[in-house]
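As structure tokens, the structure follows; a few thoughts come after it.
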Ligand SMILES: [Zn+2]
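Numbering (the working numbering), first residue to last: 11 to 494.
See the structure below:
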């Protein structure tokens, strides 16, 4: 995520703390009141006790997000999207293949709002109740532990954006010609049911059906396109595991450019036709160039394609949605593009296990942004570090980078700048060669997985041969400026 704020160089340092950008974790808008379509709370129909899965992943930053008892392997989403339909912009069927980690007579999916008309488990009708953001499914037969099962959910309605008091609106954002969807941290379950926590990554396929005059873009690679009865369907595959919050959608009137980067990576970019700058050609060229450069620095590109979407969405952020970052209606600088592309390795391929480790995403992407700025002839990384080290007021150092608190998830200094400073201080301590081989090892060892700060510290010690616990403790966990 990149949140627009005044350029660091132009920023009065006394304003840094005041501008700290946080996030409440985003409680999506309450589900509309009204009768539930069917079922109601499952009634115990036999003497067998109900053995439910957990209703939360247990991440204190996002208390209701995620569930327990199963691990999603694959989401297959069939989405008919008519953005202009105020009551039923989305008519969908989600088929989720999951691995049961234990025996369950019931389990939860996250889903905010929307109307569920039918739930099946392994092809058999299941009882369900939908309250708030939890869809509780009670299959007709107990799910055995250790096996896979499939749950199909038919649902419809118009997804509501998440209204975050600090971050603003995100999630399902209506645009003049369509919709733009970006979901960090808690927006995925406003448009599809699932296990909405980054600790449960899965592959996806999507069939997007939209009015014929519109274009739909999502993550991954597109395949067959068919048009019938004024509606066009495109099929997409996301073949590497993806955290639900990294799923994106853009529907509208787009100029699309596809190809292969000079380094050989398939690329697809789209720019809404109402966006004046960048042009689709410039956006394509910069995306391709930086993708190829980051491959040289961070190792093999983790996904099947690269690219991005600039949409006419009234949001002031860009999000590193997997393989296809999405940008609101502002001209993204090269450094912002460099930031979102670095996230493909750091955040998307290597994902957090819990949100408190968000610096593993944002510190790394911010440091990449500094590196790109330096390469473009802008301020050098050492000079940026020095300015921030000298000029940041003591109050800003009180937020702990390695566990900033739920409200400070996107704190511009503590998570982004101090995260980047941590990496720069580490680079200074262990040397360029060891530092960059550490970054490549990190990306390779945890490719497509989840990782923790403790694992990064351990790898840094292993690769460098240095004892670094005091160093990382000072940089990540102390509420004060670390010694140099
Ligand atoms: Zn970011």
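For each residue, glycine too, the CB sits at the ideal point set by N, CA and C.
Between the C-alpha atoms of residue 86 and residue 437 there is a straight-line separation of about 42 Å. Sequence-distant Cβ neighbours of residue 363 in its own chain, meaning closer than 8 Å and more than five residues away, are 208, 209, 460, 461, 462. According to the DSSP assignment, residue 377 belongs to the alpha helix (DSSP H) that extends over 369-385.
Distances from the CA of residue 458 to each of 211, 490, 104 were compared; the closest alpha carbon is that of 211. Nearest to residue 303 by alpha-carbon distance, out of 276, 315, 318, 272, is 272. In the DSSP annotation of this structure, the continuous segment of the beta strand (DSSP E) that includes residue 88 starts and ends at 80-91. Residue 77 counts as buried, since no fewer than 16 other beta carbons sit within 10 angstroms of its beta carbon.
Each residue's CA atom was taken as its position, placing residue 203 and residue 489 some 38 Å apart. With contact defined as three or more Cβ pairs closer than 8 Å, the segment 441-455 and the segment 464-474 are in contact. Counting C-beta pairs with one atom in each stretch, the segment 217-232 and the segment 350-368 have fewer than three that are closer than 8 Å, which means they do not touch. C-alpha of residue 477 to C-alpha of residue 278: approximately 44 Å in a straight line.
When the Cα atoms are used, residue 275 and residue 305 turn out to be separated by approximately 10 Å. Between residue 180 and residue 71, the alpha-carbon positions lie close to 17 Å from each other.
Taking a C-beta distance under 9 Å as the contact criterion, residue 280 and residue 230 do not qualify as a contact pair. Of the heavy atoms belonging to ligand 1, none sits nearer than 8 Å to the Cβ of residue 265. Residue range 463-474 is occupied by the alpha helix (DSSP H) that includes residue 465. Here residue 168 really is in contact with residue 98; their C-beta atoms are around 6 Å apart, less than 8 Å.
Contact check for residue 189 against residue 216 fails: the beta carbons are separated by 9 Å or more. In the three-state scheme derived from DSSP, where H, G and I count as helix and E and B as strand, residue 62 is classed as strand. Residue pairing for residue 134: DSSP places it in a beta bridge opposite 131. Note on residue 109: under 16 other CB atoms within 10 angstroms of its CB, so exposed under the neighbour-count rule. In terms of CA proximity to residue 392, 430 leads the group 375, 402, 430, 369. Placement of the Cβ of residue 421 at a distance of 8 Å or more from every heavy atom of ligand 1 is found.
Beta bridge pairing from DSSP links residue 337 with 320, 328. Within the segment 266-312, complete alpha helix (DSSP H) segments of at least 4 residues are found at 290-308, given in chain order.
Taking C-beta separations shorter than 8 Å and ignoring five residues to either side along the sequence, the partners of residue 432 in its chain run 369, 373, 411, 482, 485, 486, following chain order.
If you look at residue 249, you'll find it in the beta strand (DSSP E) that goes 241-252.
Spanning the alpha carbons of residue 228 and residue 292 requires a straight line of approximately 20 Å. Cβ neighbours of residue 346 within its own chain (closer than 7 Å, five residues either side excluded): 12, 328.
In the three-state DSSP reduction, residue 404 falls in the helix class (H, G or I). Assignment of residue 442 by DSSP, reduced to helix, strand and coil, places it in the helix class. Boundaries of the alpha helix (DSSP H) around residue 351: 344-352. In this structure residue 145 touches residue 126 by the C-beta definition: roughly 6 Å separates them, less than 8 Å. By the CB criterion at 9 Å, residue 336 and residue 192 fall inside the cutoff. Only buried fits residue 114, as 16 or more other CB atoms lie within 10 angstroms of its CB.
Looking at the backbone, the Cα of residue 73 and that of residue 403 are separated by about 32 Å.
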